[in-house]
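Protein chains in written order, with the numbering used here: chain A, 2 to 288; chain B, 204 to 545. Cβ coordinates follow ideal geometry from the N, Cα and C atoms, glycine included. On a predicted model such as this, the values are computed, not experimentally measured, just so you know.
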Amino acid sequence: MSVLLRDLLRHSPEFRIGAVLVGFVLLLSALASFSPYPPESVYVVPPDLPPSLVYWFGTTSRGQDVFWQLSFAIRNTLMFGCTVALVSRLLALVVGLVSGYKGGWIDRALMSVNDSFIVIPLLPILVLFYFMMRDRISWLMLALIMACFGWAYDARLIRSVVMSLKAREFTQTCLFSGMSTREILTREHLPYVMPIVFSTTMNNMVWSIGLEVTLAVLGFTDINTPTIGGMIYWANQHTAMVAGIWWWIAFPTVTVIMAFIGLFLLAVSANAYIDPRSRLWGTGGAP
Amino acid sequence: MSGITGAAMSGYLAYVGRRLGQFLLVVFIGINIAYVVTHASPVDPVEQSISAVTSYGSTAPEAIEQMRNSLRELYGLGGNPVEQYFQFWKRILRADFGPSLSAFPTPVGTLIGRALPWTVGLLAVSTIVAWGLGNLLGGLAGYYRQSRGLKLMGVIAMGLHPIPYYILAMLLLIVFGFLWPVLPISGGSAMNLPQTLTPEFVLSVLRHAILPALSLILIGVGSWFLGMRALVSNVLAEDFVVYAELAGVRPWRILTAYVMRNALVPQVTGLAMSLGGIFNGAVITEKVFGYPGLGSLLVDAVYAGDYGLVLGVTTISILGVSIGVLAIDLLYPLLDPRVKIS
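Following this line, the structure appears as structure tokens:
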């Protein structure tokens with residue numbers, strides 16, 4: 002593992018930059034545990050102060066310290082992304098493994114449903130969901146709904162890998178030695194699929210966090226839990242840009258963009274690592 | 204090359220049949236999700252609407268009761284769940300979502316019909332431009348690996364691609380609204396112009412579309428660029444490219460007719476697959492720039508508590524995106540003739 006990280010750090014500029022960006026964002030979210038103010042309280046500091054030595058990122062019109070508010074927000078936002086990624090990985094693995102291994106009509110049926118989930122525009126459905134739930138909506142509920150939609154693309158990827166694994170000799174050996182389908186899939190095929198699962202996790206987080214920010218900015222989530230989108234929502238509610246309180250919008254935006262680019266670059270470098278051809282190309286070993 | 208043979212034709216028809224089946228399945232699943240979301244929630248949309256109306260002032264109890272009954276009938280919430288389900292489908296198949304509550308008594312269908320051309324226009328133009336430009340530049344970047352300008356473009360694409368539509372649209376709004384106000388940042392055309400086909404009106408529509416389209420294009424170009432660059436570098440290693448090079452085919456012809464032609468095939472499938480996501484982006488971009496399309500209609504309908512309109516826009520979105528995907532699927536054999544044989 003440490004050798005792998007060293008190689009990635011040495012040979013992949015994408016990994017280096019991604020690791021720095023994600024590391025910074027993680028550090029900021031870890032600082033939330035040391036916040037002097039509880040996250041939901043308002044008017045704990047003087048409002049509308051620009052960034053200074055006392056209030057590093059300034060204060061909001063609601064009397065919150067932007068720095069500490071931001072650390073809570075990015076922590077909640079990352080947790081949201083992780084929850085969606087975790088649940089949707091499970092769905093993608095089950096569908097991808099079964100569909101790729103079983104083939105035949107099971108594969109065709111699963112992939113038809115799978116393709117439908119890829120195509121259906123999610124935002125209007127999430128908006129409809131918020132419309133029905135209103136104040137009862139919670140971030141866990143939203144995370145589960147998004148997970149129900151976020152698995153399809155990666156299930157296709159996993160399926161294609163399993164299909165090629167199935168054609169290899171060791172699968173036949175397992176089958177003739179009397180292993181059950183479940184055993185073959187979990188013990189033999191799963192380890193080959195895991196690298197893809199890791200790299201898609203980061204892309205999935207980029208996707209789900211992006212949607213969450215979008216919904217929160219419109220006020221279509223639980224706006225009292227601090228998230229990045231929620232911060233921008235409250236800043237818009239207080240017309241922060243017009244009032245010249247740029248730090249209320251700028252710092253959350255910059256932080257979330259760092260998280261997006263960092264996660265994406267990590268996914269790119271992980272993909273390059275999985276594909277041996279591009280790995281060779283990166284070290285100058287191929288034409 | 205003796206025209207379309209019988210076998211190829213029947214292969215094409217079988218392909219069309221499969222895609223039509225997939226289209227119907229997408230619509231079926233999408234509408235069912237909409238049904239589950241609206242009917243499984245603990246909140247009654249009728250009570251929601253009534254509380255939204257009555258919160259503005261006192262209303263006579265009989266009037267509320269009358270409204271409750273008519274709304275129940277309108278939303279098909281009477282009877283047992285099976286009846287409700289078929290009622291729901293009947294309304295959707297007839298595209299009948301009743302009158303809009305926020306713009307009473309205009310039917311929801313009329314409001315959607317007014318908004319639809321704006322969204323379709325914005326979406327079609329920006330998707331085609333982003334896809335075409337991204338593939339062209341990505342193809343060049345994959346072929347001319349040493350070019351510094353194209354390498355820099357790759358770095359920019361990597362930085363732009365993961366940013367969500369909302370954030371990029373907001374950044375453009377800040378830049379062109381506060382820092383350098385040269386472009387209109389809100390609306391679909393100038394308010395004082397009549398909506399007829401005059402040169403001023405067309406020019407105004409184009410000027411208003413620049414920023415919303417730009418935010419969709421900037422993100423789109425990034426993803427197509429990265430995909431195409433990776434595909435081209437894979438195709439370059441194929442035997443037929445090496446053979447063409449050895450046979451002395453000119454580089455430009457190798458790039459266009461040998462490499463990009465083949466790399467475009469998965470990009471067309473990619474376009475069909477990401478259409479839903481691009482639509483999500485258009486919805487949110489329209490809201491940021493106050494563009495009079497489906498996105499603004501949807502968000503404003505939520506704020507106004509207009510159930511029929513929200514449901515109508517959701518349904519039309521599912522249908523519209525599926526039709527777009529079907530259209531791409533049906534054009535696909537033009538690029539990849541193999542589907543006619545298999």
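Item                                                                                                                       : Value
Straight-line Cα distance separating B:A475 from B:G527                                                                    : 8 Å
Same chain only: Cβ atoms within 6 Å of B:P302, ignoring 5 sequence neighbours per side                                    : P308 and P310
A:D66 (DSSP reduced to helix, strand or coil)                                                                              : strand
Three-state class that DSSP yields for B:T518 in the structure shown                                                       : helix
DSSP state of A:P48 mapped onto helix, strand, coil                                                                        : coil
Span separating the alpha-carbon of A:M232 from that of B:I487                                                             : 18 Å
Rounded C-alpha distance that separates A:M134 from B:A372                                                                 : 28 Å
Beta-carbon proximity check, A:G97 vs A:V162, cutoff 9 Å                                                                   : yes
Assumed close pair B:D509, B:L304 - CB separation to whole angstroms, cut-off 8 Å                                          : 5 Å
Start-end ranges of the beta strand (DSSP E) lying completely within the stretch 275-325 of chain B, minimum 3 residues    : none
Buried/exposed call for A:G59, threshold 16 Cβ in 10 Å                                                                     : buried
Within chain B, the residues that A:D8 reaches when beta carbons sit closer than 8 Å                                       : Per Cβ cutoff of 8 Å: no residues; A:D8 is ~21 Å from chain B at best.
A:M133 at chain B interface by Cβ criterion, 9 Å                                                                           : yes
Helix, strand or coil at A:N272 according to DSSP, with G and I counted as helix                                           : helix
Minimum Cβ-Cβ distance from A:V214 to chain B less than 9 Å                                                                : yes
Cα-Cα separation, A:R160 to A:Y102                                                                                         : 8 Å
One or two residues paired with A:W60 in a DSSP bridge                                                                     : In the sequence as displayed, the identity of residue 60 of chain A is Thr instead of Trp. A:D66.
Interface partners of A:D116 on chain B, CB under 7 Å                                                                      : Q225
A:G230 vs A:T61 beta-carbon contact at 9 Å                                                                                 : no
Minimum Cβ-Cβ distance from A:P113 to chain B less than 9 Å                                                                : For clarity, residue 113 of chain A is Ser in the given sequence; the question names Pro instead. Answer yes: the Cβ-Cβ gap between A:S113 and chain B drops below 9 Å somewhere.
Minimum C-alpha distance to B:V516 - residue among A:L129, A:S117 and A:I119                                               : A:L129
Length of the line joining the Cα atoms of B:H242 and B:S525                                                               : 23 Å
Neighbour-count burial assignment, B:Y182, 16 or more Cβ in a 10 Å radius                                                  : Within the shown structure, residues of chain B are numbered from 204 to 545, placing residue 182 of chain B beyond reach of any answer.
9 Å Cβ cutoff, A:G211 in contact with chain B                                                                              : yes
Other residues of its chain near B:G337: CB distance less than 6 Å, five sequence neighbours each side excluded            : V424, W427 and F428
Which listed residue (B:D539, B:L467, B:L497 and B:I521) has its alpha carbon closest to that of B:G316                    : B:L497
Beta-carbon proximity of B:G523 to B:F492, cut-off 9 Å                                                                     : no
As assigned by DSSP and simplified to three states, the class of A:M147                                                    : helix
A:P122 at chain B interface by Cβ criterion, 9 Å                                                                           : yes
Separation of B:V219 from B:P536, as counted between CA atoms                                                              : 10 Å
Per-residue contacts from A:I262 into chain B (C-beta, under 7 Å)                                                          : G362 and P365
Three-state secondary structure assigned by DSSP to A:R169                                                                 : coil
Interface residues of chain B facing A:P51 [CB-CB closer than 9 Å]                                                         : Chain B residues near A:P51: none, gap ~17 Å exceeds 9 Å.
Three-state class that DSSP yields for A:A110 in the structure shown                                                       : helix
8 Å CB neighbourhood of B:G380 in its chain, flanking five on each side removed                                            : I388
Stretch-stretch touch, CB-based, cutoff 8 Å, three pairs: the stretch 84-97 of chain A with the stretch 266-277 of chain A : no
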